[in-house]
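*Asks:*
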Amino acid sequence: MTYPHIEHHGAKDGVTGSCHQLLMNAATSLLIDCGLFQGNDASIPDEPGADRLAIEFPLDGIKALVSTHVHIDHVGRIPYLLAAGFDGPILCSEPSAKLLPIVLEDAFKLGVSRDRAKIEKYIQLVEQRIIALPYTQWFTLADTDELLARIRLQRAGHILGSAYVEIDLTYPQTGKNKRVVFSGDLGAPHAPFLMPPEPPERADILVLESTYGDRLHEDRANRRTRLEAVIQQALEDQGTVLIPAFSIGRTQELLYELEEIIQSKQSVKPAPVGASSLANQATTLMSGENTWPELPIILDSPLASRFTAAYRELKPFWNHEARERVQSGRRPLAFEQLVTLDSHGDHQRVVNHLAQTARPAIVIAGGGMCSGGRIVNYLKVMLGDKRHNVLFVGYQAKGTPGHAIQTYGPRGGYVDLDGERIDIVAGITSIGGYSAHADRKGLVGFVTGMQQWPTEIRIVHGEERAKDVLASALFKHYGERPVDIWTKSEQAETA
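Residue numbers for the sequence shown follow this note's numbering, so the first one is 685 and each next one is one higher.
(1) On the three-state DSSP scale, how would you describe A710?
(2) So is Q821 buried or exposed if we call it buried at 16+ other beta carbons inside 10 Å?
(3) Can you give me the start and stop residues for the beta strand (DSSP E) that D827 sits inside?
(4) Considering only their Cβ atoms, is the gap separating D852 from R839 smaller than 8 Å?
(5) Between Y819, S846, D829, which lies nearest to R836 when the distance is taken from Cα to Cα?
(6) Would you kindly work out how many angstroms separate the C-alpha atoms of Q1011 and L1158, rounded to a whole number?
(7) Rounded to the nearest angstrom, what separates L766 and R910 at their Cα positions?
(8) Using a Cβ distance threshold of 8 Å, determine whether the segment 1030-1041 contacts the segment 886-905, with at least three qualifying pairs required.
(9) Could you tell me whether the segment 983-990 touches the segment 918-938, using the rule of 3 or more Cβ pairs below 8 Å?
(10) For S867 and A1122, I'd like the C-alpha separation in whole angstroms.
(11) Should T700 go down as buried or exposed, given a rule of 16 or more other Cβ atoms within 10 Å for buried?
(12) Does S665 come out as helix, strand or coil in the three-state DSSP assignment?
(13) Roughly how many angstroms separate the alpha carbons of I739 and G694, rounded to a whole number?
(14) Within a Cβ cutoff of 7 Å, which residues of the same chain sit near R798, ignoring the five residues on either side of it in sequence?
(15) So, for W1198: in the same chain, excluding its five sequence neighbours on each side, which residues have a beta-carbon less than 7 Å away from its beta-carbon?
(16) Within its chain, find whatever has a CB closer than 6 Å to the CB of D898; leave out the 5 residues flanking it on each side and keep chain order.
(17) Starting from the Cα of Q1021, find the closest Cα among I945, H1072, G1083 and give me that residue.
(18) Taking all protein chains shown into account, decide if A734 is buried (16 or more other Cβ within 10 angstroms of its Cβ) or exposed.
(19) Ignore the nearest five residues each way along the sequence and tell me which others in E902's own chain have a CB closer than 8 Å to its CB.
(20) Have a look at T1113 and R1009 and give me their C-alpha separation to the nearest angstrom.
(21) If contact is defined by three or more beta carbon pairs under 8 Å, each pair taking one atom from either stretch, is the segment 1125-1143 in contact with the segment 1092-1102?
(22) In three-state terms, what does DSSP make of T1132?
(23) Applying the criterion that 16 or more other CB atoms from any shown protein chain within 10 Å of the CB defines a buried residue, is N1061 buried or exposed?
(24) Considering just the uninterrupted stretch of the alpha helix (DSSP H) at S948, what are its terminal residues?
(25) Just verifying my parser: in three-state terms, what is the DSSP assignment at Q705?
(26) Would you kindly work out how many angstroms separate the C-alpha atoms of M685 and G859, rounded to a whole number?
(27) Figure out for me which residue from Q1090, Q947, M879, P880 has the closest Cα to the Cα of E912.
(28) In chain order, what residues of the same chain lie with their CB nearer than 6 Å to the CB of V750, ignoring the 5 residues before and after it?
(29) Can you look up L832 in the DSSP assignment and give me helix, strand or coil?
(30) Could you check what DSSP says for A695 in three-state terms: helix, strand or coil?
(31) Which word fits K1160, buried or exposed, when buried means at least 16 other C-beta atoms lie within 10 angstroms of its C-beta?
(32) Between the C-alpha atoms of T824 and P779, what's the straight-line distance to the nearest angstrom?
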């Protein structure tokens, strides 16, 4: 075997389950991400119903796990990795070091146990394993006569704490040097809170995500205009806008831009709401006039609320625009109309209230692909009412209820939720500009922005069409330059 060598244990034939192993020499390797499979990716081919949680690759020689960011499709199998016997460190950025225990606690509750003592013991173990790496600084993984391996994290602009990974490998006995880059998930430009990713100086081998490799996003100004239009329609229809949101990243961006819209329309500051509970706050707000300043923004996800609080604590990592907004006295993640629901009782009360009264409101509820979480309860009682709207602002993997609603809703179709078939009458809207992933232009720019372009590119983390379109675009830019572009782990195409 020639080193370095890469093996893909996830996200090679789909979008989820990211897990890649870099074999640096015969005795030493590095694991980049260990994520959960979702949607159709969660079933083993030719074995319907079988899950893919097991760690089926040997752990011998794995020096460390690098977490590019804390989305569940990149970290969700860490509990199973630890259970399989992995005892190395978990390397991640400083913000991710704060966010990762929150994600893994939730994953442990869902997949392993809800016993409080077991959870606390597990999280303590995780926190002991984490090594927080500052952005842009080299960290030595191995320094022997056979191998000098260093790692460096750079901002990826996907969510707070996200990173792409540079690995510099030198083989002293031969003098050979290789630079390997794993993109993780790259972000789109102009995202709230985040500094945009800048390409590395060079790469010999690049493992590149391709989630949106076959499309171009709307720009930020256009997406805000569309967001405002959808909500304005809800005000006129006397209905609720349901936004299935991933707990980290997308939720905080939405809150940021909703605060911005409300601020622009608010001529008179609403009176403080006095209520005995958060659910009462929502009810009280919803009894007001149907105007933007009184419109309640309901965050119904305990996990998202924890992440939002953590985002507030990570202000030093926000971009200049977001920090300036705070310095001017505004609270982009804690504004007047924001109501957070924690208890299940408060959640159910608000679901019932909105279903019965159809008062205008915006609900951001956990369960980004509608396969679980509190969003399901809203969908079950509101999808059949034309006054309501469902707004998708994130990727919906094939095989998930979210994908079914997004695809068949505009055609008057149906979706199965908790074994119940529900006709889709509510309005269905998708705004692509809120994607936290780079589009084709951004992905190509990441490659062509390097001073030394990679001669091998492995395209992963995408559906077949997205990978093929991205590969074609890259070939065009390379022209006569030599490059191998892989869209499948078993096959390479040579320019």
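In this text, a Cβ means the ideal position worked out from N, Cα and C, and glycines have one as well.
Fair warning: this is a prediction, and the values are worked out from it, not measured in the lab.
*Replies:* Per the coordinate set shown:
(1) Counting from one through the sequence shown, the residue named residue 710 turns up at place 26. Note: A710 maps to coil in three-state DSSP.
(2) One-based indexing of the sequence shown puts residue 821 at position 137. Flag for Q821 reads exposed.
(3) Residue mapping note: residue 827 aligns to position 143 of the sequence shown, counting from 1. D827 -> beta strand (DSSP E) spans 823-827.
(4) Indexing the sequence shown from 1 puts residue 839 at position 155. Indexing the sequence shown from 1 puts residue 852 at position 168. For R839 and D852, no; Cβs fall outside 8 Å.
(5) Here residue 836 is taken as the residue at index 152 of the sequence shown, counted from 1. Nearest C-alpha to R836: Y819.
(6) The residue you call residue 1011 lines up with position 327 of the sequence shown. The residue you call residue 1158 lines up with position 474 of the sequence shown. Taking the straight line from one Cα to the other gives about 42 Å.
(7) Residue 766 sits at position 82 when you count from the first residue of the sequence shown. Residue 910 sits at position 226 when you count from the first residue of the sequence shown. For L766 and R910, the distance between alpha carbons rounds to 44 Å.
(8) no
(9) yes
(10) Start at 1 with the first residue of the sequence shown, and residue 867 comes out as number 183. Start at 1 with the first residue of the sequence shown, and residue 1122 comes out as number 438. Straight-line measurement puts the Cα of A1122 at about 11 Å from the Cα of S867.
(11) Walking along the sequence shown from the start, residue 700 turns up at place 16. Burial is judged here by how many other beta carbons sit within 10 angstroms of a residue's own beta carbon; T700 has at least 16 and is buried.
(12) Residue 665 lies beyond the stretch modelled for the chain, which goes from 685 to 1179, so this question has no answer here.
(13) Counting from 1 along the sequence shown, the entry for residue 739 is found at position 55. Counting from 1 along the sequence shown, the entry for residue 694 is found at position 10. So the two alpha carbons sit approximately 11 Å from each other.
(14) One-based indexing of the sequence shown puts residue 798 at position 114. Result list for R798: empty, nothing under 7 Å.
(15) No statement about residue 1198 is possible, as the shown extent of the chain runs from 685 to 1179 and does not include it.
(16) As a position in the sequence shown, residue 898 is number 214, starting the count at 1. Within the same chain, Cβ atoms closer than 6 Å to the Cβ of D898 are found at R1149, A1150, V1153, the five residues on either side in sequence being excluded.
(17) Looking up residue 1021 in the sequence shown gives position 337. Closest by alpha carbon: I945.
(18) Against the sequence shown, residue 734 aligns to sequence position 50. At A734 the pLDDT is 49, less than 50, meaning the model places this residue with poor confidence and gives no usable figure here.
(19) Position 218 of the sequence shown holds residue 902. Within the same chain, E902 has close Cβ partners R910, I1115, G1116, G1117.
(20) Within the sequence shown, numbered from 1, the residue matching residue 1113 stands at position 429. Within the sequence shown, numbered from 1, the residue matching residue 1009 stands at position 325. If you draw a straight line from the Cα of T1113 to the Cα of R1009, it is about 29 Å long.
(21) Of all C-beta pairs linking the segment 1092-1102 to the segment 1125-1143, fewer than three are shorter than 8 Å, placing the two stretches out of contact.
(22) In the sequence shown, the residue the question calls residue 1132 occupies position 448. DSSP, reduced to helix, strand and coil, places T1132 within a helical segment of the structure shown.
(23) For the purposes of this step, residue 1061 is taken as residue 377 along the sequence shown, with counting starting at 1. Burial call: buried.
(24) Taking the first residue of the sequence shown as position 1, residue 948 is located at position 264. Start and end: 934-949.
(25) Walking along the sequence shown from the start, residue 705 turns up at place 21. Q705: strand per DSSP, three-state reduction.
(26) For the purposes of this step, residue 685 is taken as residue 1 along the sequence shown, with counting starting at 1. For the purposes of this step, residue 859 is taken as residue 175 along the sequence shown, with counting starting at 1. Going by the C-alpha atoms only, they are around 18 Å apart.
(27) Translated into the one-based positions of the sequence shown, residue 912 becomes position 228. Of the candidates Q1090, Q947, M879, P880, the one whose C-alpha sits nearest the C-alpha of E912 is Q947.
(28) Locating residue 750 in the sequence shown gives position 66, where the first residue counts as 1. For V750, same chain residues with a beta-carbon under 6 Å away, outside a window of 5 residues either side, are I716, L775, V849 in chain order.
(29) Position 148 of the sequence shown, counting from 1, holds the residue named residue 832. It is a strand residue.
(30) Your numbering for residue 695 matches position 11 in the sequence shown. The answer is coil: DSSP assigns A695 none of H, G, I, E or B.
(31) Taking the sequence shown and counting its residues from 1, one reaches residue 1160 at position 476. Its Cβ having fewer than 16 others within 10 Å, K1160 is exposed.
(32) Numbered from 1 along the sequence shown, position 140 holds the residue referred to as residue 824. Numbered from 1 along the sequence shown, position 95 holds the residue referred to as residue 779. Cα to Cα, the separation comes out at about 20 Å.
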